[in-house]
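Asks: In UniProt numbering, the protein residues as written are 1 to 215.
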Amino acid sequence: MVVNHKIEKRPRGRPQVRCDDDTKSLIIEAANGQFHECGYAAASMSGIAQNAGVSTKTLYRLFPTKADLFACMISDRIGRFFLAINPDAPTNEDMRAGLERMLTAYGMLTLSDDTIDIIRLVIGESDRFPELAASFYERAIVKTNAVMEAWLREQVEHGRLALDDPHAASGMLRGMMVMEPQRAAMLRQMPAPQSEEIRARAKMCAKLFLKGCAV
Numbered sequence: 001m002v003v004n005h006k007i008e009k010r011p012r013g014r015p016q017v018r019c020d021d022d023t024k025s026l027i028i029e030a031a032n033g034q035f036h037e038c039g040y041a042a043a044s045m046s047g048i049a050q051n052a053g054v055s056t057k058t059l060y061r062l063f064p065t066k067a068d069l070f071a072c073m074i075s076d077r078i079g080r081f082f083l084a085i086n087p088d089a090p091t092n093e094d095m096r097a098g099l100e101r102m103l104t105a106y107g108m109l110t111l112s113d114d115t116i117d118i119i120r121l122v123i124g125e126s127d128r129f130p131e132l133a134a135s136f137y138e139r140a141i142v143k144t145n146a147v148m149e150a151w152l153r154e155q156v157e158h159g160r161l162a163l164d165d166p167h168a169a170s171g172m173l174r175g176m177m178v179m180e181p182q183r184a185a186m187l188r189q190m191p192a193p194q195s196e197e198i199r200a201r202a203k204m205c206a207k208l209f210l211k212g213c214a215v
C-alpha cells in the first residue's frame, strides 16, 4: 500500500504593510531623538530612517527634505495640543473652567522638557537654518495663538469678556502662563515645572486674567 504524505504549504502572500500615517509617526519619533541628540545640522536622514526601521527611499517619499521632517514634527506636537484643549467642549462651559483647561494644555505643551529642547535647537541654529525659525513660528506660535484668540473672541461675542483686542490679549495671556518658567528652564536655572505646578499656574493665571476683563 502506498501512503501519500502531503506536505502542508504555508500560504504565500505579501507581508503586512504599514500605512503611511503609522510610518510617519515612527519617523517623527526617530527624528525627534536625532534632533535632540545631534542638533539639526548633524542629524542624519539615513540615521533617522535606520532608527525608525524604514528605508531611506520611504523616508524621502514621505519627507522630501530635513526641513519638511522638522516642520511635520512640530505640527505633530501642536496636533496633540489641539486634542488636549478639547475643541468639542460645550459652548456653555464655565468660562473659568474653560480658560484653565486651555491654559493647562498650553502649559503642558510649552513647558515640557521636549519642547524646551526644541526651542533651544531653533534658537541655536536659526542663523544657519532660518527655515527652522520660520517653521516653528508659523506652526507652533501662530497656530496656538490663533486657538486662544478664537476662544477669547467667542467669549466676547457671548458678552462674557470685554476686550478691545483679543489678538493682543491672547499673546499677553500666553506670556503670563509660560514665559517665566520657560525662560528659567531654557537657561537651565530651574527644572521644567511638573504637571501639578502647571495646573496650579493655569488656575492663577485664569483668575488674574478674568479679574481684569470679565464682564
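Cβ atoms here follow ideal geometry from the backbone N, Cα and C, with glycine treated the same way.
1. Tell whether a beta-carbon distance below 8 Å holds between Glu39 and Leu163.
2. Going by the beta-carbon positions, is the gap between Leu59 and Met45 smaller than 8 Å?
3. Counting beta carbon pairs with one atom in the stretch 96-108 and one in the stretch 171-182, are three or more of them shorter than 8 Å?
4. Leu187 lies in the alpha helix (DSSP H); which residues open and close that run?
5. Pull up the CB-CB distance for Ile85 and Val178, whole angstroms please, since I reckon it's below 8 Å.
6. With Leu111 as the anchor, note down where its alpha helix (DSSP H) starts and where it stops.
7. Alpha carbon to alpha carbon, what distance is there between Gly79 and Asp68?
8. Within the same chain, show all residues whose beta-carbon is closer than 7 Å to that of Arg96, passing over the 5 residues directly before and after it, in chain order.
9. Measure the CB-CB distance between Ile116 and Gln189 and report whether it falls below 8 Å.
Replies: So, to answer that:
1. Rather than Glu, the amino acid found at residue 39 in this sequence is Gly. In this structure, Leu163 does not lie closer than 8 Å to Gly39 by Cβ.
2. yes
3. yes
4. It is not in any alpha helix (DSSP H) - Leu187 carries neither H nor E in the DSSP assignment.
5. Rounded, the Cβ-Cβ distance is 15 Å, inconsistent with contact.
6. Looking at the DSSP string, Leu111 is not in any alpha helix (DSSP H), and its letter there is neither H nor E.
7. 16 Å
8. Ala206 and Leu210
9. no
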